[in-house]
Amino acid sequence: STTVTLVSAGTCTINADQAGNSYYSAATQVQQSFTVAAALTITTPNSGLSGTYNSSYSLAISSSGGTGTKTFSLTGTLQAGLSLNTSTGTISGTPTEVSDKAVTVTVTDQASATATTTSFTISIGRASQSITFGALSNKTMGTGTFTVSATASSSLTVAFTSATTGVCTVSSTTVTLVSAGTCTINADQAGNSYYSAATQVQQSFTVAAALTI
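Residue numbering for the sequence shown follows the working numbering, starting at 29 and increasing by one per position.
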């Protein structure tokens, strides 16, 4: 009758005919065509749903279908430091918190005012860190105590312990020589809410016996 059902995306052409009757000849057929756009869809890549604290982050949300300009909007709260570009659908920034955030992004086709949504969780985990602990020079018994120092890329405080307490001991950053042998010092940083524990770094040096005559 007069009802059109859309089957798939493409160009739809409708014929209008009048076959005539005893008084009128058949009319010349008239056609009208229009475009049927694919349904509006939105896609979030699974590979981009996680990041790390204080590191550059980008998640591209894409859409297809529709006929007009697309705009994106967000329901929920992103991690501090992240924001949604309402024109491109990209979530980006440098996250300054460690957390999981569940959000919904909606894309709207401005030509038809149709919209569709996708929901997902962004997980921002603790950042990794490393320790810089320089080589230690050899010592001789009787030369007294000395201090050690090291830095963590997180700027957190590094802790020191002795792996060879029979040769040397450590209190805070002060090393005390106990006997001749090889002294090995451990440098550790346990991490916190924002950084994972660093890989332990060791430095060893030789403790020579005191000179006697």
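Don't be surprised by glycine CBs; every beta carbon is placed ideally from N, CA and C.
*Rounded to a whole number of angstroms, what is the C-alpha to C-alpha distance between Asp128 and Met169?*
Their backbone Cα atoms lie some 54 angstroms apart in a straight line.
*asked:* At 3 residues or longer, what runs of the beta strand (DSSP E) sit wholly inside the segment 37–63?
replied: Uninterrupted beta strand (DSSP E) stretches at least 3 residues long and entirely within the segment 37–63 occur at 38–44, given in chain order.
*asked:* Quick check on Gly109: does DSSP put it in helix, strand or coil?
replied: Residue state, collapsed to three classes: coil.
*Measure how close the beta-carbons of Val186 and Val235 come, nearest whole angstrom, since I'm counting them as under 8 angstroms.*
About 22 angstroms separates the beta carbons of Val186 and Val235, which is beyond the 8 angstroms limit, so they are not a contact pair.
_So, under 8 angstroms CB-CB, Thr99 and Ser115 are touching, yes? Tell me the CB distance rounded to an integer number of Å._
A Cβ-Cβ separation of about 7 angstroms places Thr99 in contact with Ser115 under the 8 angstroms criterion.
*asked:* I'd like to know whether the C-beta atoms of Ala143 and Thr134 end up nearer to each other than 9 angstroms.
replied: Against a cut-off of 9 angstroms, the Cβ pair of Thr134 and Ala143 comes out as a contact.
_Cβ neighbour criterion (16 or more within 10 Å) applied to Ser92_ = Exposed, because fewer than 16 other Cβ atoms sit within 10 Å of the Cβ of Ser92.
_Uninterrupted beta strand (DSSP E) stretches inside the segment 199–223 (no shorter than 3 residues)_ = Taken in chain order, the complete beta strand (DSSP E) segments of 3 residues or longer contained in the segment 199–223 are 202–205, 209–216.
*Straight-line CA distance for Ser140 to Ser182?*
Going from the Cα of Ser140 to the Cα of Ser182 covers about 50 angstroms.
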